[in-house]
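One structure is given below, encoded as structure tokens.
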Ligand SMILES: Cc1cc2nc3c(=O)[nH]c(=O)nc-3n(C[C@H](O)[C@H](O)[C@H](O)COP(=O)(O)O)c2cc1C
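In UniProt numbering, the protein residues as written are 1 to 191.
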């Protein structure tokens with residue numbers, strides 16, 4: 001079974017990206033993926049510091065890295081902050097990129113050679129597109145294969161129906177298309 005973790009870059013109550021993450025997770029599960037939800041609110045991740053890393057690698061950074069390392073693919077769903085990704089998500093990605101247990105400097109065991117997909121919901125008419133461009137570049141830098149399909153949900157404050165579904169057919173179909181390709185590529189790469 002193909003394992004995929006869903007990581008959302010917002011812990012805000014009522015977060016539109018958490019809502020989008022719920023839809024994507026349901027779609028991944030429907031396509032047969034073994035799903036892990038990563039709730040960053042449940043990880044005690046200090047801001048990355050070399051001193052902390054050297055003296056006392058945070059247990060939750062190791063826990064996050066272990067979860068990522070166990071997956072065939074990762075789906076990141078993130079807001080855009082000032083044209084980029086939020087520090088919450090960048091910090092989590094950075095901690096899990098660090099070598100542990102005698103690994104080489106660029107072992108990147110949580111990421112290397114795995115499939116990734118990216119999605120964003122934002123209250124702007126651009127749907128967080130600029131943040132996704134940065135996120136795509138970062139994930140490529142850490143040796144992930146980021147699939148070309150992606151999802152932006154513009155005007156997120158008006159995009160979701162009462163039941164959490166997307167009102168517009170286009171972003172809803174893009175969620176299905178993106179999760180479908182992610183599962184297929186993650187399966188092919190892990191085989
Ligand atoms: C510090 C900060 C910067 C933001 N910058 C942007 C931005 O550049 N583009 C954008 O579309 N929305 C921006 N927003 C608005 C977010 O899209 C909005 O807060 C969104 O609801 C956050 O996602 P969430 O609902 O998942 O928490 C920003 C919000 C914050 C707090």
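Cβ coordinates follow ideal geometry from the N, Cα and C atoms, glycine included.
Buried/exposed call for residue i, threshold 16 Cβ in 10 Å
i	result
residue 167	exposed
residue 135	buried
residue 33	buried
residue 85	buried
residue 139	buried
residue 150	buried
residue 105	exposed
residue 1	exposed
residue 178	buried
residue 173	exposed
residue 103	exposed
Other residues of its chain near residue i: CB distance less than 8 Å, five sequence neighbours each side excluded
i	result
residue 91	45, 47 and 48
residue 164	19, 22 and 23
Sub-7 Å separation of residue i and residue j beta-carbons
i	j	result
residue 6	residue 75	yes
residue 115	residue 145	yes
residue 8	residue 23	no
residue 131	residue 152	no
residue 186	residue 72	yes
residue 112	residue 143	yes
residue 110	residue 69	yes
residue 88	residue 40	yes
Same chain, Cβ closer than 7 Å to residue i, five either side skipped, listed in chain order
i	result
residue 21	6, 8 and 77
residue 25	6, 35 and 37
residue 124	154
Closest residue to residue i among the options (Cα-Cα distance)
i	options	result
residue 100	66, 93 and 119	66
residue 95	183, 81, 39 and 50	50
residue 29	189, 183 and 191	183
residue 10	62, 119, 57 and 3	119
Quiz prompt | Length-filtered (4 minimum) alpha helix (DSSP H) runs lying within the UniProt domain "NADPH-dependent FMN reductase-like" (3 to 157) | solution = 16 to 30, 50 to 55, 59 to 69, 87 to 96 and 129 to 141
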